[in-house]
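Each residue of the sequence shown is one higher than the one before, counting from 2 in this note's numbering. Heads up, the thing below is written out as C-alpha cells.
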Amino acid sequence: MINLAEFSFLSTLPTRELMKLTKTCRIQKYNSGTRIVIEGEKINDLLLVVKGQLSIMKSYGGENKTLFNIDPGDIYGEVELLNGTKALSTLVGYREFELMFIPKNEFLRLIGTYEQFAIETRELYTRRASTLLEVTKHKGQPARVITFYNVKGGAGKSVISANVAVMLARFWKKKVVLLDLNLSFGDQAILLNLPVEKHIHKLKQLKRPYNITMIEGQMTTHPESGLKVLLPPPRPELAEEISGEMISHIIDILRPHYDFIIIDTHNQMTELELKILDASNIIMLMMTMEITFVKNTRLLIDLFQRLHIPREKVKVVLNRAFKSMGLEPAKVEKSLAYAISYFIPSEGDIVVPSINKGVPFVLSRTSDGSTILESIKHICASLAGGMEKKQTWSMFSLLKEVFKLN
Ligand SMILES: Nc1ncnc2c1ncn2[C@@H]1O[C@H](COP(=O)(O)OP(=O)(O)OP(=O)(O)O)[C@@H](O)[C@H]1O
Ligand SMILES: [Mg+2]
C-alpha cells in the first residue's frame, strides 16, 4: 500500500484524509510512452504521480516541446481544474509509471478545508500557470535556435555569434537572445562589454519549472542593440552545476517569446552540447582553413549523420578565409563531402580592435563597406529573410579582388 504522507505536496493533510484518498482514489499502472492526457481534452481529476516520470508537452508551431517533467509526489491538472480550462498540455509517461486519480470535487474540498494545503496548491498554481498559459497566448512562430559550434577552439564562434546576434537585434529589429553556453570560460560579457551581475547560475536558486519572467530576470540587455544575453556563471567551477536538461528547459521556455535564440558553445561534446544540438534548428559548424579543422569538421559531420541530425540543419561556415591558406575551398568541400554555406574573411584590423573595445564590429564605423560586414549581413539575411541562397567561393573571390584582400 502506498504511503501518501511521503509526498510533500500532500504532507500537510491529516492522516485520516490520506487514508481516505488511498481507499477511494483509483490507482493505475501504465506502460512507457502512454499518453495520459491530450492537449485540448477535458480533465476531471487531479493526477498524482506515484511511480515513474512523465513529461508535460505542448505543441506550438507544429512541434511538440517538453515544458517540464514530473516525478513521484508531483501532481498535474491543478491549473486546468482551478481555471476551468481544457488540458493545456499533453502528458506522456517515461518507463512504467503509476498515477492516482483524485476527483476534482475531492481536490476542491481539500483546498476549501485545509489552509496549508490551499497555500501549497496556490504556489504550485502560480509557478505553473504562467508557464502553461504564456505558451498558449503566443500566436507567432517560435524562435529559431542557431548554434555556433565546433569541437576545436578558435574558429570564431564567439565573435561571429555576437555580431550575428547584434545585427539581427539592431538592424533586423528581431527579438533576439544570446545564450553564452561556454559555461566555464564564456567571452560574451567582454565582447559586448556587459556587467556580470545577472547570470544563469542564479536560476539554480529558483524552483523549477521556470517561467519567462524568472529567466528574463537573469538576462542582461546590450544597450546599443536591445539584444538580451544570458551570461555564464561568474566562476568556472560553477559550470558543472548547469545540466543539459536545465538548458533544454530554458530553451523551451524562451522559444515562444523570441524570434531567434543564438547560442555560443564550448569546444566539447558532452551531454550539454548534445542537448543544445538537439534543440537547434541550425548548427553553424565554424571552421578555418587549417587541416586540423578540416579533419575535425569531417568527423563531426559523420557523427551528426550517425546521430540522425538532419543534413539541412548543418551549415559549414568558413571563417578567416583569405588568410594565407595553402588550402583551396573547393578541396575542403571535397574532403568534407559537404558544401560550405558561408565564407567570412579574415580582417584582423576590424575584428581585434572591436574585441578590445567591447563593441561588436557590426556597430562600428571602422567596418563600413568591409567584406566582413557584408558576410555577416549575408548570414543575417539568410536567417531572417529566409534567403537561403548559397554563397559560392567564386562570388566571394570576386569580392576579394574588389576589396584587394589577401
Ligand atoms: N574573421 C576574423 N578575422 C580576424 N580575426 C578573427 C576572425 N574571426 C575570429 N578572429 C580572431 O580569432 C580569435 C578567436 O575567435 P573566438 O574567440 O570568437 O573563437 P571561439 O571559437 O569562440 O574560440 P574558443 O573556442 O576559444 O571559445 C579572436 O580573438 C579573433 O581575434
Ligand atoms: Mg568562444
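Here a beta-carbon is modelled for each residue, glycine too, at the ideal position from N, C-alpha and C.
For residue i, three-class secondary structure by DSSP
i, result
"T16", "helix"
"E99", "strand"
"F404", "Low confidence applies to F404: its pLDDT is 48, below 50, so where it sits in the model is not reliable, and the reading given next is rough at best. Reduced to three states, the DSSP call for F404 is helix."
"F10", "helix"
"V165", "helix"
"Y150", "strand"
"S159", "helix"
"P330", "helix"
"N70", "strand"
"L5", "helix"
"G94", "strand"
"Q142", "coil"
"F186", "coil"
"L195", "coil"
"I341", "strand"
"T271", "coil"
"D181", "strand"
Residue i classed as buried or exposed, judged by whether at least 16 other C-beta atoms fall within 10 angstroms
i, result
"G34", "exposed"
"M101", "buried"
"S90", "buried"
"P361", "buried"
"I28", "exposed"
Residue i versus residue j: straight-line alpha-carbon distance, rounded
i, j, result
"T132", "E40", "15 Å"
"V160", "G349", "12 Å"
"L231", "G245", "15 Å"
"V353", "N282", "30 Å"
"S162", "I292", "23 Å"
"I201", "E121", "27 Å"
"F305", "R129", "35 Å"
"K335", "V317", "13 Å"
"F149", "D75", "37 Å"
"G155", "Y211", "33 Å"
"M215", "C26", "36 Å"
"V295", "V38", "48 Å"
"K203", "E107", "38 Å"
"P237", "F186", "6 Å"
"K176", "I103", "42 Å"
"E116", "M287", "57 Å"
Distance cut-off 6 Å: residue i Cβ against heavy atoms of ligand 4
i, result
"D260", "Among the ligands modelled here, namely ligand 1 and ligand 2, ligand 4 does not occur."
Whole-number beta carbon distance between residue j and residue i, since they are thought to touch under 8 Å
i, j, result
"A88", "I44", "5 Å"
"M220", "V363", "Not really, about 21 Å apart at Cβ, beyond 8 Å."
Whether or not the region 190 to 198 and the region 214 to 227 are in contact is what I'm after, with contact meaning three or more pairs of Cβ atoms, one per stretch, closer than 8 Å; do they touch?
yes
For the 8 Å Cβ check, are there 3 or more pairs between the region 297 to 308 and the region 240 to 257?
no
* Is it true that the region 356 to 373 meets the region 309 to 320, where meeting means three or more beta-carbon pairs spaced less than 8 Å apart? -> By the Cβ test, the region 356 to 373 is not in contact with the region 309 to 320, since fewer than three Cβ pairs between them sit closer than 8 Å.
query = Would you call the region 97 to 115 and the region 47 to 54 touching, i.e. three or more CB-CB distances under 8 Å?
reply = yes
Flag this pair as touching only if the region 79 to 87 and the region 260 to 280 have three or more C-beta atom pairs under 8 Å; answer yes or no. Contact between the region 79 to 87 and the region 260 to 280 is absent: fewer than 3 CB-CB pairs across the two stretches fall below 8 Å.
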